[in-house]
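J.:
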Amino acid sequence: MIVPAIHPSDPGDRPHVEFRGWTVKLRGREQLRWVDFDIPKGRIVALVGPTGSGKSALISSINRMLALEPDFEHSGQVLLAGDPVWGREVDDLLVRRRTGTVFRDGTTLPGTVWENVAFPLRLDGERRSGVLDAAVESALRSVSAWEMLRDRLHKSAASLPAGPRQLVNLARAVVGSPEILLLDEPCGDLDPVSTEMVEQALVDLSGSRTVVLSTHNLAQASRLPHRVAFFLEGHLEEYGPTDRMFQRPIRRSTEDYLSGRFG
Amino acid sequence: MSRVGRIVLFGLLAVVAFPAALLAVRTVTLLEPRTPMLSELPGGRQILSYPLEQDAWESSSGVVRHLLSDGTVRSFPEGSIGGSRPCPEAWTARSEEGPVRIGFLHGVVVDGDTLRGDSLETRLESLRIGLREDRARLVDEVRGQAGAPGFERAMQRWNQFRRQDERTGLLLRDASDSVVFLRLSSLRQISRAPTGWIATAETWMRQILTVLSETPDSWGLGGLRQALTSTLALILLSGAIGGTLALLAALLLNERLRPGKWALVVRRSSEWLAAVPGVVWGGVGLGLLVWGAGAQLDALLGNGLRWGNGGLLWASLTLGVLAAPISLKRSMEALEEVPKQWRLVARSCGATRWQVLRMVVLPSAWRGLLGAWLSAFARAAGETAPLMLVGAVHSIGGDVLETGIRLPSLSGGFPHLGVLACDPPWSVLEAELGHPVAYLSIFVLTLLCVGFELTASTFLLENRRRLAKDVEA
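Sequences listed follow chains V and B, in order.
2 is the number of the first residue of the first sequence in the numbering used here; add one for each residue after it.
1125 is the number of the first residue of the second sequence in the numbering used here; add one for each residue after it.
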């Protein structure tokens, strides 16, 4: 049975990412079922829901990381700024360069802080150290980590504590000026202090950038985003402005989850 | 390197080091310079001889054997030989053309004139070396002029040298006063037992070096020079073939985030192939490469039998395929030690598979891959049996006098240390006389194997340690 999601549209927002009847099956198991909603441009949207509700699959649908999965089927459409993400002729790499991704576990690439942040630019063949240095500095500044890390640029990124390490990942995600940031539980493994650090960075850098953030942290979901999308078992249950979602949820399941009654 | 890794490495080293040390000791003791003995037989006849080492059977049945002055070996009942005394003034001559001779210097013949006197001894060595050098030079000249106008002249000079050479030699007199003439230029060595510990040590050292560096000759004398160089060539070739094959396969199979069924097939079959005994591979090489590919190639080229025989190329390919599974397994392990998450992060930045390999995997796992590559060399160094089927020979000819490095041709047979140890062309006599080539070749082969394996595992362990540190931190 397909239950239409309740998502009051906001005519003032132009959509950045549009999901149209998006359905994903991984290894024969349905991860997302008929997801149909828009992520507005320049806003922070939080994806909430219990583990296995399809948040990560949704994020991997936008950057085409799902294409790396061995046994994967999909139907429906995802549009990124109007371009179909899952069309036949779409280049994975182009889509991924339009997006910046941060994963939950805070794994950095091997090598130094500098090498981590400069990595996406070096993929494009940028070799000039002046250009790279400037880009690394501005990326680290935009996540408010420059002062903290300027003396440790050439130290191993893996040796940093978890918080700064996730900031390095954030800087790596924004260094190529992607149009959209995809954060898959970026604070999932962090203590409150580090979480605060990352959230502050997120607020600083979001500005006019679209951010999709999946989280288990309900407090975070109520603080940061403009909108919240609640997923349950691969289905978008309810979607709306943060205040309304927390104060006047329409569905019973939304209310139960957001008030902490389950999940 | 981690502590456990170090313990394992040094444990292995100790296990190999013990027999290797035994071999080395045996080699060195056999090379100890010895002195001929002058003894008396029951009938009152005197003999000049080297008593040979008694083996278990001989000592239980009360027999001693002596190498006599004419180069033959005779057995005597224990105790029948009396009044033995060392005889340092006797000479021992090793010729390319006949057995070992022991005797007193009776005289030196130079171009037909017999010289006698005390100063002979000092001139002997320089005369011998001069002649051998002349001979080598003239042989080269004749070879170089083959088919050229200068050939007649070179041939004339060679014949002239031969005439003089035939009549230059030394006269050795044995204990019963019979005298034998030995052509001086044919002598590989003419020496007396050294006196004093400095001379003894020097001779001892020289013997070891001689065995390592001499070429073998038609009498089965000589050293390991050819076997050393061609064994090294074989190890390098087959290691490079097998290691590279394995490395490419591992990269191809492992560097996909979507592991196909081929990865599994290759992995399972390589585990199975790693357990196939070497001699089976020898059969495969003989059947597929020598009789199959080689014969086809010969038929195609039409130049007679060349590739249809066992040779270095076929042997290297055989050993390469034999060494590939272990190398493949280790390469895959090294690649699997690179966290999958690194690849995901890099791919999410828009890296291609090739960029992930070049910018993430290789910089972090090159030690492991190098170690896996080198394991193919270690494996190739440790295998002997298949070579007997695909082209190992005792010697590749060549002049005994040559000093350069002679490598076997790709299509030709090659001497190999392991094969020489299993199937030594040297007579037992030579070994007993202080020419322990078989022991020495096993020892050298052990060193090669252990050297490659230690280097490989050091790289592998270091790779693991560093990656573990990176992931942990």
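Even for Gly, the Cβ is constructed at its ideal location relative to N, Cα and C.
Please check if any C-beta of chain V sits within less than 7 Å of the C-beta of Cys1473 of chain B.
T.: yes
J.: How big is the Cα-Cα spacing for Gly1344 of chain B and Glu1276 of chain B?
T.: Its pLDDT being 49, under 50, Gly1344 of chain B is placed unreliably in this model, and the coordinates cannot settle the point.
J.: Measuring only between beta-carbons, confirm whether Arg21 of chain V sits less than 7 Å from chain B.
T.: Contact of Arg21 of chain V with chain B is not assigned, every C-beta pair being separated by 7 Å or more.
J.: DSSP three-state label for Phe231 of chain V, please.
T.: strand
J.: Is the Cβ of Leu1381 of chain B closer than 7 Å to any Cβ of chain V?
T.: At Leu1381 of chain B the pLDDT is 48, less than 50, meaning the model places this residue with poor confidence and gives no usable figure here.
J.: Does the pairing of the segment 169–186 of chain V with the segment 95–106 of chain V give three or more beta-carbon distances under 8 Å?
T.: Contact holds: three or more Cβ-Cβ distances are below 8 Å.
J.: Which same chain residues end up closer than 7 Å to Ile1566 of chain B when comparing Cβ atoms and leaving out the 5 residues on each side of it in sequence?
T.: Leu1147, Ala1545
J.: So, at 6 Å on beta carbons, what are the nonlocal neighbours of Val1187 of chain B in its own chain, with the 5 sequence-adjacent residues on each side left out?
T.: The answer, listed in chain order, is Ser1199.
J.: What does the Cβ neighbour count give for Ala1373 of chain B, buried or exposed, with the cut at 16 atoms within 10 Å?
T.: buried
J.: So what's Val194 of chain V in DSSP terms, helix, strand or just coil?
T.: helix
J.: For the alpha helix (DSSP H) that contains Pro1066 of chain B, what are its first and last residues?
T.: Residue 1066 of chain B is absent from the model: chain B starts at 1125 and stops at 1597.
J.: Which residues in the same chain have their Cβ closer than 7 Å to the Cβ of Leu1192 of chain B, if we skip the five residues on either side of it in sequence?
T.: Ile1171, Ser1173, Arg1198
J.: Using the beta-carbon count (16 or more within 10 Å), is Val144 of chain V buried or exposed?
T.: When all chains shown are included, Val144 of chain V counts as buried.
J.: Provide the residue span of the alpha helix (DSSP H) that contains Arg1252 of chain B, from first to last.
T.: 1244–1268
J.: Where do the N-terminal and C-terminal ends of the beta strand (DSSP E) with Pro41 of chain V fall, by residue?
T.: 39–41
J.: Using a Cβ-Cβ cut-off of 7 Å (strictly less than) and excluding sequence neighbours within five positions of Ser1337 of chain B, which residues of its own chain qualify?
T.: Gly1347, Arg1349
J.: If contact is defined by three or more beta carbon pairs under 8 Å, each pair taking one atom from either stretch, is the segment 1445–1454 of chain B in contact with the segment 1418–1437 of chain B?
T.: The segment 1418–1437 of chain B makes no contact with the segment 1445–1454 of chain B, as fewer than three CB pairs between them are under 8 Å.
J.: Is there at least one Cβ from chain B nearer than 7 Å to Phe120 of chain V's Cβ?
T.: yes
J.: Which chain B residues sit within Cβ distance under 8 Å of Leu110 of chain V?
T.: Result: Trp1466, Val1469, Ala1470, Val1484.
J.: Out of V:Leu33, V:Pro16, V:Ala68, which one is the CA nearest neighbour of Gly1474 of chain B?
T.: V:Ala68
J.: Taking Cβ-Cβ distances shorter than 9 Å, what residues in chain B pair up with Arg98 of chain V?
T.: Cys1473, Gly1474
J.: Rounded to whole angstroms, what's the CA-CA distance from Ile1131 of chain B to Arg151 of chain V? Just pull it up for me.
T.: 41 Å
J.: Can you give me the C-alpha to C-alpha distance between Ile63 of chain V and Lys56 of chain V, rounded to a whole angstrom?
T.: 11 Å
J.: Report the neighbours of Pro1487 of chain B on chain V: residues whose CB is nearer than 8 Å to its CB, in chain order.
T.: The contacting residues are Pro111, Gly112.
J.: CA-CA distance, Leu1255 of chain B and Ser1315 of chain B?
T.: For Leu1255 of chain B and Ser1315 of chain B, the gap between their C-alpha atoms comes out near 17 Å.
J.: Note down, in chain order, each residue of its chain lying with its Cβ closer than 7 Å to the Cβ of Val118 of chain V, except the 5 sequence neighbours on either side.
T.: Val137, Ala140, Leu141, Val169, Ala172, Arg173, Val176
J.: Can you give, in chain order, each stretch of the beta strand (DSSP E) that sits fully within the segment 1298–1353 of chain B and has at least 3 residues?
T.: 1303–1307, 1311–1316
J.: Within this structure, are the beta carbons of Leu225 of chain V and Ile60 of chain V separated by less than 7 Å?
T.: Cβ distance not < 7 Å, so Leu225 of chain V and Ile60 of chain V don't count as in contact.
J.: Does the distance from the C-beta atom of Val1403 of chain B to that of Ala1516 of chain B stay below 7 Å?
T.: Taking C-beta atoms as the reference points, Val1403 of chain B and Ala1516 of chain B fail to come closer than 7 Å.
J.: Determine which residues share a DSSP beta bridge with Gly1231 of chain B and list them.
T.: When DSSP reads this structure, Gly1231 of chain B sits in a beta bridge with B:Leu1295.
J.: Which of helix, strand or coil does DSSP assign to Thr109 of chain V?
T.: Here Thr109 of chain V sits in coil by DSSP.
J.: My output table needs one value for Met2 of chain V: the three-state DSSP class, helix, strand or coil.
T.: Note on Met2 of chain V: pLDDT 43, under 50, position unreliable in the model; no value is reported.
J.: Evaluate Ile1520 of chain B with the Cβ neighbour count: other Cβ atoms within 10 Å of its Cβ, from every protein chain shown; 16 or more gives buried, anything less gives exposed.
T.: A residue is called buried when at least 16 other Cβ atoms come within 10 angstroms of its Cβ; Ile1520 of chain B meets this threshold and is buried.
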